[in-house]
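Take any residue in the sequence shown, note its place counting from 1, add 4, and you have its number in our numbering.
Notes to accompany the following structure.
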Amino acid sequence: MNRVLITGATGFVGRTLTAHIRRRFPGADVLALGSQTVDLVNRSATFDWFDRLHWAWECDHIFHLAALYKAGDWPVHHPATQFHVNMSINVNILEAWARFFPKAKFTSVLSYCMYPSHPEPHPETELYGTEPEDYLFAYAMTKKALLIGQRAYRQEYGLTCTSVILPTVYGPHDSFAENSHVMGALIGKFVRAARSGQEAVEVWGDGQQEREFLFVEDAADGIVTAALKSQTDVLNLGTGQAYTIRHIAETIQGAADFGGRIQYNPQRFVGVQKRMLDVTRARQELQWQAPTAIADGIAQTVAWYRATLAADA
Ligand SMILES: NC(=O)c1ccc[n+]([C@@H]2O[C@H](COP(=O)([O-])OP(=O)(O)OC[C@H]3O[C@@H](n4cnc5c(N)ncnc54)[C@H](OP(=O)(O)O)[C@@H]3O)[C@@H](O)[C@H]2O)c1
5 MNRVLITGAT GFVGRTLTAH IRRRFPGADV LALGSQTVDL VNRSATFDWF DRLHWAWECD
65 HIFHLAALYK AGDWPVHHPA TQFHVNMSIN VNILEAWARF FPKAKFTSVL SYCMYPSHPE
125 PHPETELYGT EPEDYLFAYA MTKKALLIGQ RAYRQEYGLT CTSVILPTVY GPHDSFAENS
185 HVMGALIGKF VRAARSGQEA VEVWGDGQQE REFLFVEDAA DGIVTAALKS QTDVLNLGTG
245 QAYTIRHIAE TIQGAADFGG RIQYNPQRFV GVQKRMLDVT RARQELQWQA PTAIADGIAQ
305 TVAWYRATLA ADA
C-alpha cells in the first residue's frame, strides 16, 4: 500500500483506520478526507477536487467510509435525508474513482443492518432477495446500492473492488452520548455514573436483545486485510458471536467500577431482537479473525473514555 485515499477519515472508524494504515505502512502517502476537505454530496465540488488531485498524485487504494448515519431512532425520522446524502456520496465517489483513479482498488465499509430481521447468523448470500428491516430501510438500501454500484463499475470498466460488512463497532473515539449506539451509550452512562456516584443506570430494553460487536482496532485491521487479500465482492467482517445487552451492561458495569443498580426500561426503542453475522467466508478467504475479546475491548474503551473525561475536567 503506497498511496491511499480514505473518505470518512475524520469519523470514528475512519480515524482509527487512518492511524492503522500509517502504522502498518510507514512509507505510505495517506490522504485522509473529511467533509471539510470536500463535500462528497456536491457532485461538481467532488469532481473538481479529484480532478486537481489526479494530475499530481497516483492512488493504489481507496477506502470509502464517508456516510451519514446516526444511531437510536434518528433514522426513523430522517429516511429522506439519509437517502439523499448517502446516495449522493456513493454515486459521486464511484464515478470519481472510475474517472480519476481507475487503477486503485476500492474498498467500502458496509453495515449489517443491510440484512433482513431474523435471529440466525447472516451469510453474504442473504444480501439479495431479502429486505432490511423497516426503520433502517433507506439507509440500508443506500449501502446495497453502493455494493451494486461497485459491481457495475467492475463489470463495465474492469475496476478492482471489495466491500466489508461490519457489525456494531466500538472503541476509543466512539460517541458516548446517550443517543449513540448501544455499546457507546452504555459505556458513556456507566463511566459518568461511576464518576458522579449515581445510584442507578438506565439500560434501554429488557436486556435480552442480542448484538454482535467489533472492536475498532480489529475493524481497521480487518478492513486493510480485506483490501489486500479479498478477491470477492463482499465479506462479513465480525466476530461471529452475539452477546445479550444484559451481558454487555454487566461487563461495562464491572470495567467502570460502577457500584449502583442497573435499571432496565422495556419502554425505550431498541430495534431488532438479535443480529449477528456469519463470518465463515472471511475466515476462509482472509484467514482473519478478530483478535480482541469483548471484555478486553470494553476495558480498553472504558479506560480511554475515563482518561478523556479526566483530561477534559
Ligand atoms: N460505527 C459503526 O458501528 C459502524 C458499523 C458498521 C458500518 N459502519 C460504517 O463505517 C463507516 C464509518 O462509520 P463511523 O461510525 O466512523 O461514522 P462517523 O463517525 O459518523 O463518520 C462519518 C464520516 O463521514 C464523513 N462524511 C459525512 N458526510 C460527508 C460528506 N457530505 N462529504 C464528505 N465526508 C462526509 C464525515 O466527515 P466529517 O466528520 O468531517 O463531517 C466522517 O468522516 C460508515 O460508512 C458506516 O456505515 C460503521
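Even glycine gets a Cβ: it sits at the ideal position worked out from N, Cα and C.
(request) Report yes if the C-beta of V173 is less than 8 angstroms from at least one heavy atom of ligand 1; otherwise report no. (result) Checking every heavy atom of ligand 1 against the Cβ of V173, one is found closer than 8 angstroms.
(request) Measure the Cβ-Cβ separation of E289 and L232 and say whether it is below 9 angstroms. (result) No; because the gap between Cβ atoms is not below 9 angstroms, this pair is not in contact.
(request) Check each candidate in E124, T129, L150 and Q271 and name the one with the smallest Cα separation from R215. (result) Of E124, T129, L150 and Q271, the smallest CA-CA separation from R215 is found for E124.
(request) Reducing DSSP to helix, strand and coil, say where K148 ends up. (result) DSSP places K148 in helix when its eight states are reduced to three.
(message) Can you tell me which residues form a DSSP beta bridge with W208?
(response) Beta-bridge partners assigned by DSSP to W208: N269.
(message) Using the three-state DSSP reduction, which class does L239 fall into: helix, strand or coil?
(response) Strand at L239.
(request) Determine the DSSP secondary structure at E216, reduced to helix, strand or coil. (result) For E216, the three-state secondary structure derived from DSSP is strand.
(message) Taking the alpha-carbon of R250 as reference, which of Q277, G242, I227 and E160 has the nearest alpha-carbon?
(response) Checking every option, the nearest Cα to that of R250 belongs to Q277.
(request) Under the assumption that F262 contacts V205 (Cβ atoms under 8 angstroms), give the Cβ distance between them as a whole number of angstroms. (result) At roughly 7 angstroms, the Cβ-Cβ gap stays under 8 angstroms, so F262 and V205 are in contact.
(request) Would you list the one or two residues that DSSP bridges to R7? (result) Looking at the DSSP assignment, R7 forms a beta bridge with D33.
(message) With distance defined between alpha-carbon atoms, name the residue in I169, A36, G188 and L37 nearest to T284.
(response) Nearest of I169, A36, G188 and L37 to T284, Cα basis: I169.
(request) Assign V4 to one of two classes, buried (16 or more other C-beta atoms within 10 Å of its C-beta) or exposed (fewer than that). (result) Because the chain is modelled from 5 through 317, residue 4 falls outside the range shown and cannot be assessed.
(request) Spell out a yes or no on whether the segment 92–99 and the segment 36–50 are touching, meaning 3 or more CB-CB pairs, one atom from each, closer than 8 angstroms. (result) The segment 92–99 vs the segment 36–50: in contact.
(message) Using CA atoms only, rank isn't needed, just tell me which of D52, W53, K109 and L21 is closest to C1.
(response) Only positions 5 to 317 of the chain appear in this structure, which leaves residue 1 out of reach.
(request) Classify C117 as helix, strand or coil using the three-state DSSP reduction. (result) DSSP places C117 in helix when its eight states are reduced to three.
(message) Give me, in chain order, the residues of the same chain whose beta-carbon lies closer than 8 angstroms to that of Y139; leave out the 5 immediate sequence neighbours on both sides.
(response) Cβ neighbours of Y139 beyond the five flanking positions: D77, P79, V80 and G275.
(message) Following a CB-centred definition, is V95 positioned closer than 8 angstroms to any heavy atom of ligand 1?
(response) Checking the Cβ of V95 against ligand 1 gives no.
(message) Could you tell me the alpha carbon to alpha carbon distance between R28 and S39, rounded to whole angstroms?
(response) Roughly 25 angstroms separates the two Cα atoms.
(request) Return yes when the C-beta of G38 is under 8 angstroms from any heavy atom of ligand 1, and no when it is not. (result) Because some heavy atom of ligand 1 lies under 8 angstroms away, the Cβ of G38 counts as near it: yes.
(request) In the DSSP assignment, find the unbroken alpha helix (DSSP H) run with V95 in it and report its ends. (result) Here the alpha helix (DSSP H) through V95 covers P83 to F104.
(message) Below 8 angstroms on the Cβ atoms is my contact criterion, and I expect V195 with V306 to pass it. Report the Cβ-Cβ distance as a whole number of Å.
(response) The pair is a contact, with the Cβ atoms about 6 angstroms apart (cut-off 8 angstroms).
(message) Using only CA atoms, which one of T255, A102 and I227 lies nearest to E160?
(response) Considering only alpha carbons, the answer is A102.
(message) Within the continuous alpha helix (DSSP H) that includes Y309, where are the two ends?
(response) Unbroken alpha helix (DSSP H) run through Y309: I298 to D316.
(request) Put Y73 into one of helix, strand or coil per three-state DSSP. (result) The answer is coil: DSSP assigns Y73 none of H, G, I, E or B.
(message) Taking the beta carbon of G162 as the centre, do at least 16 other beta carbons fall within 10 Å, making it buried, or is it exposed?
(response) The C-beta of G162 has fewer than 16 other C-beta atoms within 10 Å across all chains shown, which makes the residue exposed.
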